[in-house]
Each structure stands twice: as structure tokens, then as C-alpha cells.
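**Student:** First the structure, which I've put down as C-alpha cells, then a few questions once you've had a look.
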Amino acid sequence: MYQSAQWLNFGRVLAVITATACTAAFCQTRQQPAQLEFEVASIRLHASADNKAYVQALQGRLVMQNFSLKQLILFAYDVPNNQVLGVQDWMDSNHFDVQATTAGNPTVKQVEGPMLQALLEERFHLKVHRESMERPVYEITVEKGGPKMQLSKEGSCTPYSMEAPPPVPAPNAPPPIYCDFPHLSGDGTNWTLDGTGVSIRKLATSLSRSGVDRPVIDRTGLAGRFDLHLKWAADAPVSAPASAIQEDPSGPSIFTALKEQLGLRLESAKGPVEVLVIDHAEKPSEN
22 MYQSAQWLNF GRVLAVITAT ACTAAFCQTR QQPAQLEFEV ASIRLHASAD NKAYVQALQG
82 RLVMQNFSLK QLILFAYDVP NNQVLGVQDW MDSNHFDVQA TTAGNPTVKQ VEGPMLQALL
142 EERFHLKVHR ESMERPVYEI TVEKGGPKMQ LSKEGSCTPY SMEAPPPVPA PNAPPPIYCD
202 FPHLSGDGTN WTLDGTGVSI RKLATSLSRS GVDRPVIDRT GLAGRFDLHL KWAADAPVSA
262 PASAIQEDPS GPSIFTALKE QLGLRLESAK GPVEVLVIDH AEKPSEN
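Residue numbers (my numbering): 22 to 308.
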């Protein structure tokens, strides 16, 4: 998912998980060979008291620093923060450093998906299962005045498959803008979402993985791709420690932001939601 390393404020770890997890690599069910595993891997307790996390995922290599087991699960199993059940206190409070490599040339999707899953199952003795539950959700519909979003122009973004290495840009060329690849950033309270050629389905997925407190389902019926810029403030920080520095919430609520900025409505409803249930996990031994 990442082609380069990033240092992150700990309060933004959820945002990074969100922005990456809702790309094509994470919005599909993973069905990969069971034997796809790292050859060399190390998992240790994070020694520093800082609030920064570091992540680098490349083909055949994964480095993650200052991540809780719950956050590792979010990466590996394609689940939003609010759709993981059975989380014990230590799974949120203990943080770990992960370094893992393998020979060959597995894709980034494989590294962050089935290979990380296998590592968690081996080192944490993690056992999980998925099930569907009737739970509160939000549905996105179109406001009476119609959508305020701008349709993307043809050629304004670059298609990108997570199954293959990213295209190599020309020398001195700016980084490409990828289609349906929204960038979500936030500190747990204030959020910004930007994207080019984004479907409303992908917008719903991104919101499900941000400060919104329940899954979001697209009920707009809009089939086009849009250029999006959305700013809002959550009622309270999500998955951010008390020590993390938070900006004062100064933006509109997600309900107001969608209405005023995109011409969309967010409504409460109930519906079937797939959740990941943690059946068992153990603290790993130092290695």
C-alpha cells in the first residue's frame, strides 16, 4: 500500500488505516493461498513513550512501529474500527514493532493482507471469525436540491491496481493522482477527505473507517465518479490516546458537511453488518 515510509502522529494512525484500508486492496474479500507467509519476522513491544507510529509496506517487506494488536488487525483483516468485537484492554494499550520480509515478489496487497494475517495467527495465536449482525448504520442519500459534487473529467486521474506494482512516473514528474483513491487525514477529531474520480461507494467506505461511529452504506443510486473535498469535525476523538495533542473541533459535523459541501444526506438506519470477532489472542513472546 505504501511505496515509501511515513512517520505519523499516533492520533492519526486510525486515519492512515482508513485511507489505505478503503482502497481497492481492502475493499475486496481476500482469498489468498494459505502458504503465503513471511520467511523472517520480528515482533517486539514498542519501547518508546512517544505518540508517533511508522509504517512501510513494500513488495516482500513490511515494517510497522507503535501499532496495537487491534490496529494490526484493522490492516490485516479489512475491518473498520467500529466493526471489531472482543477487543481486550491490552489489545489497545500494548503497542508493538513489526519487521517482516520474504523472498520472491509478493504484492503489497498480499503483504498487508494474508501474510500479515498469518503472522498475527502465528505470533499472537490469533483466532477470529466473521459474522453478520443487525446493527445501527448510516445511509447516504441525495439531498432534495441534488448533489453538489463535480463529476470527474476523463483523464484527470490514473487508474491503479493494488495487484501490481505502481506505475513509475517520468523523471521530475509530479506524483500521479490515482482514481477512486481518496486520501483521508485527521487527528481523531478533525477530518479531511480529498479524492479524484471517487465513487460514492468508496466515499461510504472511507467514512465508515473514519470518525463516524457506525458503518455507512451508499443508497444514492449515483453511478458516476466525482472529485471530492470534504471537511468535518467528529464529536469526540476516536482511537486516540489522552496524551495525543488534539486540535479544537472547529468544523461542521459530518451530517452538516455532507449536506452543505456535497449535497448528500446521512440518515440513521439499521441493517446487516459484517463484523470480525476476536475469539482468542495472546501476548507474543519477545523474538
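Glycine included, each C-beta is placed from N, C-alpha and C at the ideal position.
Computed from a predicted model, the values in this text were never measured in an experiment.
Whose C-beta lies closer than 7 Å to the C-beta of S220 among residues of the same chain, with five residues either side of it excluded?
**Tutor:** D201 and R246
**Student:** Tell me where the beta strand (DSSP E) around E142 begins and ends.
**Tutor:** That residue, E142, is in no beta strand (DSSP E); its alpha helix (DSSP H) goes L137 to R144.
**Student:** Can you look up A191 in the DSSP assignment and give me helix, strand or coil?
**Tutor:** Here A191 sits in coil by DSSP.
**Student:** How many angstroms separate the CA atom of A124 from the CA atom of Q86?
**Tutor:** 22 Å
**Student:** Distance check for Q104 and M154, CA to CA, integer angstroms please.
**Tutor:** Computed Cα separation, rounded: 10 Å.
**Student:** Using DSSP bridges, identify the partner residues of R286.
**Tutor:** R286 pairs with T162.
**Student:** Pull up the distance between the alpha-carbon of L147 and that of V129, whole angstroms please.
**Tutor:** 22 Å
**Student:** Checking 9 Å against the spacing of the C-beta atoms, do I161 and R240 come in under that value?
**Tutor:** Going by C-beta atoms, I161 is nearer than 9 Å to R240.
**Student:** Quick one: what's got a C-beta closer than 7 Å to C178's C-beta in the same chain, skipping five residues either side?
**Tutor:** I198, Y199, C200, T217 and G218
**Student:** Since N211 sits in a beta bridge, which residues does DSSP pair it with?
**Tutor:** A254
**Student:** Give me the Cα-Cα distance between G272 and L93, rounded to the nearest whole angstrom.
**Tutor:** 30 Å
**Student:** Hey, how far is the Cα of L279 from the Cα of F96?
**Tutor:** 27 Å
**Student:** Which same chain residues end up closer than 8 Å to A290 when comparing Cβ atoms and leaving out the 5 residues on each side of it in sequence?
**Tutor:** P157, V158, Y159, E160 and I238
**Student:** Roughly how many angstroms separate the alpha carbons of G343 and L228, rounded to a whole number?
**Tutor:** Since the displayed the chain opens at 22 and closes at 308, residue 343 lies outside it and no answer follows.
**Student:** Would you decide whether H116 is buried or exposed? Buried here means 16 or more other CB atoms lie within 10 Å of its CB.
**Tutor:** Classification of H116: buried, given that the 10 Å Cβ count is 16 or more.
**Student:** Which class does E58 belong to by DSSP, given the choice of helix, strand or coil?
**Tutor:** coil
**Student:** Measure the Cβ-Cβ separation of A74 and E133 and say whether it is below 9 Å.
**Tutor:** no
**Student:** Judging by CA-CA distance, which residue of T213, P196 and R65 is the nearest neighbour of L141?
**Tutor:** R65
**Student:** Please return the same chain residues whose Cβ sits closer than 7 Å to the Cβ of L287, not counting the five positions on each side in sequence.
**Tutor:** Y159, I161, I275, F276 and L279
**Student:** Should V61 be labelled buried (16 or more other beta-carbon atoms within 10 Å of its own) or exposed?
**Tutor:** exposed
**Student:** For I198, name the three-state secondary structure that DSSP assigns.
**Tutor:** coil
**Student:** Tell me whether K291 sits in a helix, a strand or coil according to DSSP, three-state version.
**Tutor:** strand
**Student:** Could you work out which residue in D248, W111 and A70 is closest to G176 when comparing CA atoms only?
**Tutor:** D248
**Student:** How would you call Q171, buried or exposed, if buried means at least 16 neighbouring beta carbons within 10 angstroms?
**Tutor:** Around the beta-carbon of Q171, fewer than 16 other beta-carbon atoms lie within 10 Å, marking it exposed.
**Student:** Assign W212 to one of two classes, buried (16 or more other C-beta atoms within 10 Å of its C-beta) or exposed (fewer than that).
**Tutor:** buried
**Student:** Just checking my contact of V119 with F88 at CB under 8 Å: how many whole Å lie between their CB atoms?
**Tutor:** 7 Å
**Student:** As a quick exercise: from V294, L243, S114 and M136, pick the residue whose alpha carbon is nearest that of N72.
**Tutor:** Ranking the options by Cα distance to N72, first place goes to S114.
**Student:** If you run the structure through DSSP and keep just helix, strand and coil, what is T122?
**Tutor:** strand
**Student:** Within a Cβ cutoff of 7 Å, which residues of the same chain sit near N126, ignoring the five residues on either side of it in sequence?
**Tutor:** Q80 and G81
**Student:** If you drop the 5 nearest sequence neighbours on each side, which residues of the same chain put their C-beta closer than 8 Å to that of P203?
**Tutor:** A40, C43, L214, D215, G216, V219, K223, L224, S227 and L249
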